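A.B. asks: Sharing a structure here in structure tokens format.
Chains as they are written, first to last, in our numbering: chain A, 1 to 88; chain B, 89 to 176; chain C, 177 to 315; chain D, 316 to 454.
Written out as structure tokens, the structure is:
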């Protein structure tokens, strides 16, 4: 767990499949504004990793459940980038 | 194989399931007119074994294939009474 | 299409059927297994007794496998049916299909069990605590 | 409804799943088995590599079993998925359902594999003779 100043939301992000390849790691940390939504995280990721735009369809999970872009991110949330799944 | 006079068609009939119970045997012989069809055999069976009428739906097979009521019975045909099947 | 059609007094073997169905080109295998239930409507079933017009049953199962493979591109088809006396939990029938894509395997397997129950000359007698009856004899 | 949800590095066991699914009240068991194909379109597949967001994958599989049993009266549901490196012919997934009547088992099993492929966070990389790709990453 990183220390974080009250005016920064430092979030841990898990990446799988092709998202892991784009981030070049299976876990990264990003600093967001407190009160940020998933949509804000998405924009920040796009900016930091332009290759993300190539993915047509990405979902996010918080604490192991799918969330919509409107979901507000809380400190200590476990966020996961879920590119198109292909189990089975 | 029974001996048969030229003016009689003596046929061997296999019975299964409830048809076997009605005939009280798994194989019987019946004498029909030469040139008889399956429909004629059906009538003869109904007459000989009135309980047959209780069966709403009976098919016949000749030489291990389903046949319609119009099928003409030939000497040496193996005829089978096929009451509603219930495999599986 | 290859097929494996069995009519037997011996217990059926779903795992052997799985092994038979698996081919390098196959992406999906669907296996239907019938099992003897302990009741039918309100009646308690003790056992089932199966009999068949054996040579015709084999021919009909082979015909159904052929019809099925003309409708769906099947790699392998297995139809195994048991005869004789079966207790609760035993397996009267196993039907399996392997195909490249799973939708075809589901459709083909469902077709085969539905068609078997209509066309293949096999009969089942249900034995209850107080009596017995040929299934479907009086629909 | 009881369910058995496994995510494992070890080979899957269709016959053990059959045994688990069989109950005295069940009349039908449908088991879908995925197998690794030797090709995808024109490309020759050497192996597949599966990874999962494991705790969420388990939760999603449990959720799908729950949703399924609300729609069809299932006795038992098994969803087993393999992780790691799999060669041609190996089994990535086995899904099985037991019900009183066979139509429900077919419908429930098909629902589960379709839903798994949409919702459960598991990813498959296809490795060809000359390269590799995450399946469905660029639909």
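Glycine is no exception: its CB is placed at the ideal position from the N, C-alpha and C atoms.
None of these values were measured; they are calculated from a predicted model.
#1: Can you tell me whether DSSP reads residue 415/D as helix, strand or coil?
#2: With DSSP run on the structure shown, which of helix, strand or coil describes residue 230/C?
#3: In whole angstroms, give me the CA-to-CA distance for residue 134/B and residue 116/B.
#4: In chain B, which residues lie less than 8 Å from residue 298/C when you measure between Cβ atoms?
#5: For residue 453/D, count neighbouring C-beta atoms within 10 Å of its own C-beta (all shown protein chains included) and say buried if the count is 16 or more, exposed if not.
#6: Taking 8 Å as the threshold (C-beta atoms), are residue 35/A and residue 83/A in contact?
#7: Might you give, ordered along the chain, the residues of its own chain that have their beta carbon closer than 6 Å to the beta carbon of residue 61/A, omitting 5 neighbours on each side?
#8: How would you label residue 274/C, buried or exposed, when you count the other beta carbons within 10 angstroms and need 16 or more for buried?
#9: At the level of alpha carbons, what is the spacing between residue 65/A and residue 378/D?
#10: In chain order, what residues of the same chain have a beta carbon less than 7 Å from the beta carbon of residue 22/A, not counting five sequence neighbours either side?
#11: Using a threshold of 8 Å, state whether the C-beta atoms of residue 297/D and residue 202/C are closer than that.
#12: Taking the alpha carbon of residue 374/D as the reference point, which residue from 328/D, 436/D, 316/D and 419/D has its own alpha carbon closest?
#13: For residue 179/C, does the three-state DSSP call read helix, strand or coil?
#14: Would you say residue 369/D and residue 322/D are within 8 Å of each other, going by their C-beta atoms?
#15: Taking beta-carbon pairs under 7 Å, can you tell me which members of the region 186-204 of chain C lie near chain D?
#16: Against residue 311/C, what residues of chain B qualify as contacts under a CB-to-CB distance less than 7 Å, listed in chain order?
#17: Is there a Cβ of chain D sitting closer than 8 Å to that of residue 180/C, yes or no?
#18: Return the residue from the list 192/C, 251/C and 264/C that minimises the CA-CA distance to residue 303/C.
#19: Alpha carbon to alpha carbon, how far is residue 345/D from residue 221/C?
#20: Which residues, in order along the region 345-367 of chain D, keep a beta-carbon less than 7 Å from a beta-carbon of chain C?
#21: Identify each residue in the region 252-273 of chain C for which the Cβ-Cβ distance to at least one residue of chain B is less than 7 Å, and report them in chain order.
#22: Output, in chain order, the set of chain C residues within a Cβ distance shorter than 7 Å of residue 104/B.
#23: Is the CB-CB distance between residue 87/A and residue 431/D below 8 Å?
#24: Rounded to whole angstroms, what's the CA-CA distance from residue 38/A to residue 72/A? Just pull it up for me.
#25: When you compare the CB of residue 276/C with every CB in chain D, is at least one pair closer than 8 Å?
#26: Could you tell me if residue 195/C is buried or exposed, where buried requires 16 or more neighbouring beta carbons within 10 angstroms of its beta carbon?
#27: Thinking just about the alpha-carbon of each residue, which of 295/C, 287/C and 260/C is nearest to the one in residue 246/C?
#28: What are the partner residues of residue 166/B, as DSSP defines its beta bridges?
#29: Give every residue of the same chain whose Cβ lies closer than 7 Å to the Cβ of residue 219/C, excluding the five residues on either side of it in the sequence, and list them in chain order.
#30: Select from the region 232-243 of chain C all residues with a C-beta closer than 7 Å to any C-beta belonging to chain B, and list them in chain order.
#31: Counting only the same chain and skipping the five closest in sequence on each side, list residues whose C-beta sits under 7 Å from that of residue 284/C.
#32: Going by DSSP in three states, residue 147/B sits in which element: helix, strand or coil?
#33: Between the alpha carbons of residue 179/C and residue 269/C, how many angstroms are there, rounded?
#34: May I have the straight-line CA-CA distance separating residue 78/A from residue 447/D, to the nearest angstrom?
#35: If I measure Cβ to Cβ from residue 121/B and keep anything under 6 Å in the same chain, skipping five residues before and after, which residues do I get?
C.D. replies: The answer reads as follows:
#1: Numbered from its first residue, the fourth chain carries residue 415/D at position 100. Residue 415/D: coil per DSSP, three-state reduction.
#2: Here residue 230/C corresponds to residue number 54 of the third chain, with the count starting at 1. Correct three-state label for residue 230/C: helix.
#3: For this step, residue 134/B is matched to residue 46 along the second chain. For this step, residue 116/B is matched to residue 28 along the second chain. One C-alpha to the other measures close to 14 Å.
#4: For the purposes of this step, residue 298/C is taken as the residue at position 122 of the third chain. Result: 173, 174, 175 and 176.
#5: Along the fourth chain, read from residue 1 onward, the residue named residue 453/D stands at position 138. Exposed, because fewer than 16 other Cβ atoms sit within 10 Å of the Cβ of residue 453/D.
#6: Counting from 1 along the first chain, the entry for residue 83/A is found at position 83. Counting from 1 along the first chain, the entry for residue 35/A is found at position 35. No, these two residues do not count as a Cβ contact at 8 Å.
#7: Locating residue 61/A in the first chain gives position 61, where the first residue counts as 1. Contacts found: 80 and 82.
#8: To locate residue 274/C, count along the third chain from 1; it is residue 98. Flag for residue 274/C reads buried.
#9: Numbered from its first residue, the first chain carries residue 65/A at position 65. Numbered from its first residue, the fourth chain carries residue 378/D at position 63. So the alpha carbons of these two residues sit roughly 11 Å apart.
#10: Against the first chain, residue 22/A aligns to sequence position 22. Excluding residues within five positions, the ones whose Cβ falls inside 7 Å are 49, 51 and 52.
#11: There is simply no residue 297/D to check, as chain D begins at 316 and stops at 454 in what is shown.
#12: Counting from 1 along the fourth chain, the entry for residue 374/D is found at position 59. For the residues 328/D, 436/D, 316/D and 419/D, the minimum Cα distance to residue 374/D belongs to 436/D.
#13: For the purposes of this step, residue 179/C is taken as residue 3 along the third chain, with counting starting at 1. The answer is strand: DSSP assigns residue 179/C an E or B state.
#14: Numbered from 1 along the fourth chain, position 54 holds the residue referred to as residue 369/D. Numbered from 1 along the fourth chain, position 7 holds the residue referred to as residue 322/D. It is a contact, given that the beta carbons lie within the stated cut-off.
#15: 190, 191, 194, 198, 200, 201, 202, 203 and 204
#16: Translated into positions along the third chain, residue 311/C becomes position 135. Here the neighbours are 174.
#17: Translated into the one-based positions of the third chain, residue 180/C becomes position 4. It does not; no Cβ of chain D falls within 8 Å.
#18: Indexing the third chain from 1 puts residue 303/C at position 127. Comparing Cα positions, the closest option is 264/C.
#19: As a first step, residue 345/D is located in the fourth chain; it is residue number 30 there, counting from the start. As a first step, residue 221/C is located in the third chain; it is residue number 45 there, counting from the start. Each residue's alpha carbon lies about 22 Å from the other.
#20: 345, 346, 347, 348, 349, 350, 352 and 353
#21: 257, 268 and 269
#22: One-based indexing of the second chain puts residue 104/B at position 16. Within chain C, the residues near residue 104/B are 227, 229, 297 and 299.
#23: Counting from 1 along the first chain, the entry for residue 87/A is found at position 87. Counting from 1 along the fourth chain, the entry for residue 431/D is found at position 116. In contact: residue 87/A and residue 431/D (Cβ atoms closer than 8 Å).
#24: Along the first chain, one-based indexing puts residue 38/A at 38. Along the first chain, one-based indexing puts residue 72/A at 72. So the alpha carbons of these two residues sit roughly 6 Å apart.
#25: As a position in the third chain, residue 276/C is number 100, starting the count at 1. Yes, contact with chain D.
#26: In the third chain, counting from the first residue as 1, residue 195/C sits at position 19. That one is exposed.
#27: Walking along the third chain from the start, residue 246/C turns up at place 70. Considering only alpha carbons, the answer is 287/C.
#28: As a working note, residue 166/B is residue 78 in the second chain. Partner(s): 100/B.
#29: By one-based count along the third chain, residue 219/C stands at place 43. Result list for residue 219/C: 304, in chain order.
#30: 232 and 235
#31: Locating residue 284/C in the third chain gives position 108, where the first residue counts as 1. Closer than 7 Å at Cβ, skipping near neighbours: 244, 248, 250, 273 and 275.
#32: Numbered from its first residue, the second chain carries residue 147/B at position 59. Correct three-state label for residue 147/B: strand.
#33: Taking the first residue of the third chain as position 1, residue 179/C is located at position 3. Taking the first residue of the third chain as position 1, residue 269/C is located at position 93. Computed Cα separation, rounded: 15 Å.
#34: The residue given as residue 78/A occupies position 78 in the first chain. The residue given as residue 447/D occupies position 132 in the fourth chain. One C-alpha to the other measures close to 29 Å.
#35: Counting from one through the second chain, the residue named residue 121/B turns up at place 33. Taken in chain order, the list of residues that qualify is empty.
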